[in-house]
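Down below is the structure, laid out as structure tokens.
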């Protein structure tokens with residue numbers, strides 16, 4: 085296997101990739117963001133996460149993430165694509181929660197006859213001749229609720245692409261037909277994406293958050309598929325660490341989840357921010 089081990093530190097490190105040292109600059113005067121601006125940014129991050137998936141793929145293409153082992157806190161994955169040309173050389177991208185946008189993880193990736201992402205070891209591809217056609221192994225130590233987002237795109241034609249994501253340690257609750265999920269989208273749990281699904285279409289739900297005594301209640305409506313997505317910023321100014329309890333109730337179902345957080349930055353409100361799914365990006 086060709087390992088990519090830097091994924092191990094994804095939710096802890098500030099950066100996963102070697103970069104040129106930044107030049108020291110004088111601090112710039114900035115205007116603090118207002119709560120509505122913070123909520124808008126948070127909603128955009130959640131929206132981007134929800135949109136990361138098959139809707140962005142090339143026509144007929146798929147990318148699947150297969151967990152190949154789990155030992156202690158370490159999880160390994162392999163990638164398999166279908167519907168993508170086998171004669172292309174690809175760039176593997178990932179989007180860790182420590183980054184504000186996707187970043188290249190490995191160049192020179194190819195696909196074997198079964199669509200498995202490999203390092204062929206020949207000129208122009210990753211790997212070396214001593215280990216030809218070596219499957220790529222993605223290694224991670226995931227935190228609770230941490231997502232892993234991957235994509236492959238042809239080096240000579242970025243329009244040939246496929247996307248996938250997985251949450252190795254999910255935060256979720258099911259009650260009757262109602263399903264509530266939480267995804268940690270920034271380190272320390274300071275931003276949580278919440279998805280409620282399986283509810284009646286176009287129905288009002290009782291949405292409740294309680295973060296160490298800071299309580300917010302609202303009555304948002306599901307969309308025409310019975311789904312509601314929102315962003316929650318759980319940091320409570322009165323505590324450095326804690327957890328936020330989130331409940332979405334409608335009719336006879338009321339699933340509830342709990343997400344831990346800590347406060348490395350200035351606190352912001354736990355109030356949820358509405359998320360409107362955007363059309364797939366080209």
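Numbering (this note's numbering), first residue to last: 85 to 366.
By construction, the Cβ of each residue, glycine as well, lies at the ideal position given by its N, Cα and C atoms.
These numbers come from a predicted model, not from an experiment.
When the distance is taken between beta carbons, is residue j closer than 8 Å to residue i?
i           : j           : result
residue 245 : residue 142 : yes
residue 176 : residue 190 : yes
residue 147 : residue 268 : no
residue 328 : residue 347 : no
residue 167 : residue 192 : no
residue 222 : residue 274 : no
residue 260 : residue 203 : no
residue 369 : residue 238 : This structure cannot settle anything about residue 369, because the visible part of the chain is limited to 85 through 366.
What distance in whole Å lies between the Cβ atoms of residue j and residue i, which are believed to be in contact at a cut-off of 8 Å?
i           : j           : result
residue 228 : residue 304 : The pair is not a contact, with the Cβ atoms about 25 Å apart (cut-off 8 Å).
residue 178 : residue 234 : 5 Å
residue 247 : residue 140 : 5 Å
residue 250 : residue 266 : With 8 Å as the limit, residue 250 and residue 266 do not qualify as a contact, their Cβ atoms being about 15 Å apart.
Excluding the five sequence neighbours on either side, which residues of its own chain have a C-beta within less than 6 Å of the C-beta of residue i, listed in chain order?
i           : result
residue 312 : 280, 304 and 306
residue 264 : 257, 280, 332, 339 and 341
residue 200 : 164 and 219
residue 253 : 226 and 228
residue 335 : none
residue 294 : 329
residue 291 : 302, 304 and 332
residue 145 : 167, 168 and 246
residue 262 : 282, 283, 337 and 339
residue 125 : none
Using a Cβ-Cβ cutoff of less than 8 Å, which residues in the same chain neighbour residue i once the five nearest sequence positions on both sides are dropped?
i           : result
residue 205 : 211, 212, 213, 214, 215, 216, 217 and 218
residue 181 : 94, 95, 230, 231, 268, 269, 270 and 271
residue 186 : 177, 178, 179, 233 and 235
residue 322 : 296, 297 and 298
residue 152 : 160, 161, 162 and 221
residue 289 : 280, 283, 303, 304, 305, 306, 312, 332, 333 and 334
residue 133 : 231, 233, 249, 267, 269 and 277
residue 308 : 285 and 286
residue 155 : none
residue 198 : 164
Pull the bridge partners of residue i from the DSSP assignment, please.
i           : result
residue 344 : 327
residue 337 : 334
residue 139 : Answer is none; residue 139 lacks a bridge partner.
residue 151 : 161
residue 174 : 193 and 238
residue 146 : 166
residue 187 : 178
Less than 7 Å between C-beta atoms, sequence neighbours within five positions excluded: which residues of the same chain meet that for residue i?
i           : result
residue 150 : 161, 162 and 164
residue 106 : Note that residue 106 scores a pLDDT of 37, beneath 50, so its modelled location is shaky and nothing firm can be said.
residue 108 : Low per-residue confidence applies at residue 108: pLDDT is 44, beneath 50, and the placement is therefore not dependable, though the value from the model is reported in the following sentence. Cβ neighbours of residue 108 beyond the five flanking positions: none.
residue 188 : 175 and 177
Report task. With a floor of 3 residues, list each beta strand (DSSP E) that falls wholly inside the region 244-313, ordered by position along the chain. Result -> As for any beta strand (DSSP E) of minimum length 3 sitting wholly inside the region 244-313, the runs are 255-259, 262-270, 275-281, 290-295 and 298-302, ordered along the chain.
Query raised in the report: Can you list, in chain order, the stretches of the beta strand (DSSP E) that have 3 or more residues and sit fully within the region 198-253?
Result: For the region 198-253, whole beta strand (DSSP E) runs of length 3 or above, ordered along the chain, are 201-203, 218-224, 232-238 and 241-250.
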